[in-house]
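There are 2 protein chains.
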Amino acid sequence: MRTAEQTADGESAPWGEVEPEAARRLLVAAVEAFAERGYHATTTRDIASRAGMSPAALYIHYKTKEELLHRISRIGHDKALEILTAAADGGGTAAERLAEAVRAFVRWHAERHTTARVVQYELDALAPEHRTEIVGLRRRSDAAVRRILGDGVRDGEFDVPDVPGTTLAVLSLCIDVARWFNAAGRRTPEEVGALYADLVLRMVSAQKE
Amino acid sequence: MRTAEQTADGESAPWGEVEPEAARRLLVAAVEAFAERGYHATTTRDIASRAGMSPAALYIHYKTKEELLHRISRIGHDKALEILTAAADGGGTAAERLAEAVRAFVRWHAERHTTARVVQYELDALAPEHRTEIVGLRRRSDAAVRRILGDGVRDGEFDVPDVPGTTLAVLSLCIDVARWFNAAGRRTPEEVGALYADLVLRMVSAQKE
DNA sequence: CCCCGAGCTGAGCAAGCGCTTAGAGCCTTG
DNA sequence: CAAGGCTCTAAGCGCTTGCTCAGCTCGGGG
Numbered sequence: 026m027r028t029a030e031q032t033a034d035g036e037s038a039p040w041g042e043v044e045p046e047a048a049r050r051l052l053v054a055a056v057e058a059f060a061e062r063g064y065h066a067t068t069t070r071d072i073a074s075r076a077g078m079s080p081a082a083l084y085i086h087y088k089t090k091e092e093l094l095h096r097i098s099r100i101g102h103d104k105a106l107e108i109l110t111a112a113a114d115g116g117g118t119a120a121e122r123l124a125e126a127v128r129a130f131v132r133w134h135a136e137r138h139t140t141a142r143v144v145q146y147e148l149d150a151l152a153p154e155h156r157t158e159i160v161g162l163r164r165r166s167d168a169a170v171r172r173i174l175g176d177g178v179r180d181g182e183f184d185v186p187d188v189p190g191t192t193l194a195v196l197s198l199c200i201d202v203a204r205w206f207n208a209a210g211r212r213t214p215e216e217v218g219a220l221y222a223d224l225v226l227r228m229v230s231a232q233k234e
Numbered sequence: 026m027r028t029a030e031q032t033a034d035g036e037s038a039p040w041g042e043v044e045p046e047a048a049r050r051l052l053v054a055a056v057e058a059f060a061e062r063g064y065h066a067t068t069t070r071d072i073a074s075r076a077g078m079s080p081a082a083l084y085i086h087y088k089t090k091e092e093l094l095h096r097i098s099r100i101g102h103d104k105a106l107e108i109l110t111a112a113a114d115g116g117g118t119a120a121e122r123l124a125e126a127v128r129a130f131v132r133w134h135a136e137r138h139t140t141a142r143v144v145q146y147e148l149d150a151l152a153p154e155h156r157t158e159i160v161g162l163r164r165r166s167d168a169a170v171r172r173i174l175g176d177g178v179r180d181g182e183f184d185v186p187d188v189p190g191t192t193l194a195v196l197s198l199c200i201d202v203a204r205w206f207n208a209a210g211r212r213t214p215e216e217v218g219a220l221y222a223d224l225v226l227r228m229v230s231a232q233k234e
């Protein structure tokens, strides 16, 4: 039986897997604080007070401030990898799968840009052993996109002279959405996802003649 | 007569305009430290010792640690704006000017990725009045690229349904180079610049039929 | 020869940091 | 109702932070 992990529409809630509730409140508070000020500029007192608790309460649920960051980074990277492998393994032509990968990945970076900012820009603040773990997940994300491009080239759908370089560029374009996306701005996450899927398809498509 | 501002080949040296020499040494040390660990995680003691001085020496040349960041950010943004306006105002077709803008802008982000990382990712650490000044420079950079795209659409060279959105995507793609570029990696700044110029041209080119 | 201002250092201050500890409150179990 | 365990708080420890200040050094002008 699932509880907090699932919402009515069946989509997984952002931090449903974090239990108990006090630990989740602290983690959500940490995501907001890290995204706003950065990991190093955020104090444990700030996190605790956002969660409505005393500074000491944090250490009942997490050993260190870095463990909080690691949990956030791990969950976020799992989600990112899930989105990209789902698109890579999905049905359809390489173009359809690439468009879906970019659309969904960008949508996640825009919709959850608070989380994504921490996930993408605080890697250096992780302890060495945690960083190598996360880097492994990132390599698998890279492989998923590279596979789609490779399939498209093989099937003659795409014209991509430099597959690794283009993979890097596509992922880079999507990731940077977390930096500039503003929830109060004019574009919705869906609109940005659609725009970016179109731009990426243009980057890789074989020219008609 | 120019001195430290110019090298033998006529290209401007990175921090030539910073005088006297001790102030420049401190600034270069700060760029390295900020890029490696981030502004908030860098101590004034670290900056001073990298420059071979005592912590107190920093405050003879700069009022605060934030003033150092502001000077770095200002010089970096001036350079970025100069690169983009030079390309926008240069001769040739819109496609040639866009390719040159991306090539030069990416090359700068790769070659000087230490500086670029501080310039692009430490905006939030600036004091409010310094931030608004820098945001103004960034808007002018945005306008330079938008102008090239607008010219290309007007002349029928480009097919760009969403000019502001595509401007954002092009700049975003270039800026993110500072995050992932590794000087020890396989690609040279020139190679990345050429690859990215090609990818961006594909994004905006009218399809042949 | 002495003085002087500029550049720099050693020592250190007040504030804030991550984290610990002793114990209070309260829910569960028998 | 008593015992035990879990969650949380108030207080604070040891340390580091950005920054200050009295004084040392040293090249150039009277």
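Residue numbers (the numbering used here), protein chains in the order written: chain A, 26 to 234; chain B, 26 to 234. Using N, Cα and C, we set each Cβ at its ideal position, and we do this for glycine too.
- Your pair Ala135 of chain A and Phe206 of chain A checks out as a contact, with CB atoms roughly 5 Å apart and the cut at 8 Å.
- In its chain, beyond the 5 residues on either side, Val56, Glu57 and Ala60 have a beta carbon closer than 7 Å to the beta carbon of Thr139 of chain A.
- Between the segment 112-127 of chain A and the segment 173-190 of chain A, the count of Cβ pairs shorter than 8 Å is three or higher; the stretches touch.
- Rounded to whole angstroms, the separation of the alpha carbons of Asp71 of chain B and Leu220 of chain A is 44 Å.
- At least one CB atom of chain B sits nearer than 7 Å to the CB of Gly190 of chain A.
- Ala222 of chain B is positioned such that its CB atom lies closer than 7 Å to that of Val127 of chain B.
- Inter-residue distance for Leu226 of chain A and Leu198 of chain A is about 13 Å (C-alpha atoms, whole angstroms).
- For chain B, the residues of the segment 187-215 of chain A that bring a beta carbon within less than 8 Å of one of its beta carbons are Asp187, Gly190, Thr191, Leu193, Ala194, Ser197, Leu198, Ile200, Asp201, Val202, Arg204, Trp205 and Arg212, in chain order.
- Counting only Cβ-Cβ distances below 7 Å, His65 of chain A has contacts in chain B at Gly63, His65 and Ala66, in chain order.
- Rounded to whole angstroms, Glu44 of chain A and Val53 of chain A show a C-alpha spacing of 12 Å.
- For the C-beta of Met228 of chain B, the chain A residues within less than 7 Å are, from N- to C-terminus, Leu224, Arg227 and Met228.
- Below the 8 Å Cβ cutoff, chain B contributes Ala194 as neighbours of Tyr221 of chain A, in chain order.
- Of the candidates A:Leu83, A:Gln232 and A:Ile85, the residue whose Cα lies closest to the Cα of Glu182 of chain A is A:Gln232.
- Separation of Glu92 of chain B and Asp201 of chain B (C-alpha to C-alpha, rounded to the nearest whole angstrom) is 25 Å.
- Between the segment 87-103 of chain B and the segment 149-165 of chain B there are three or more inter-stretch CB-CB distances shorter than 8 Å, so the stretches are counted as touching.
- Note on the segment 90-144 of chain A: whole alpha helix (DSSP H) runs with a minimum of 4 residues are 90-114 and 119-136, in chain order.
- Straight through space, the alpha carbons of Thr191 of chain B and Thr213 of chain A are spaced by roughly 15 Å.
- Judged by their CB atoms, Leu51 of chain B and His86 of chain B are nearer to each other than the 7 Å cut-off.
- Nearest to Glu46 of chain B by C-alpha distance, out of B:Ala203, B:Leu83 and B:Thr67, is B:Leu83.
- In the structure shown, the three-state DSSP call for Phe59 of chain A is helix.
- Note on geometry: alpha-carbon atoms of Asp167 of chain A and Ala81 of chain B lie some 46 Å from one another.
- Residues of the same chain with a CB within less than 7 Å of the CB of Gly115 of chain A, apart from the 5 flanking positions on each side, are Arg122 and Glu125 in chain order.
- When secondary structure is reduced to three states using DSSP, Ser230 of chain A falls in the strand class.
- Restricting attention to A:Leu106, A:Gly117, A:Ala150 and A:Ala38, the CA atom closest to the CA of Ala66 of chain A is found in A:Ala150.
- Sixteen is the threshold: when 16 or more other Cβ atoms of the shown chains lie within 10 Å of the Cβ of Pro39 of chain A, as they do, the residue is buried.
- The beta carbons of Ala111 of chain A and Ile173 of chain A sit about 12 Å from each other, so the pair does not count as a contact at 8 Å.
- Linking Gly117 of chain B to Ala141 of chain B through their CA atoms gives a straight-line distance of about 28 Å.
- Judged by DSSP secondary structure, Asp180 of chain B falls outside any alpha helix (DSSP H); it is assigned neither H nor E.
- Note that the C-beta distance between Ala113 of chain B and Ala169 of chain B is below 7 Å.
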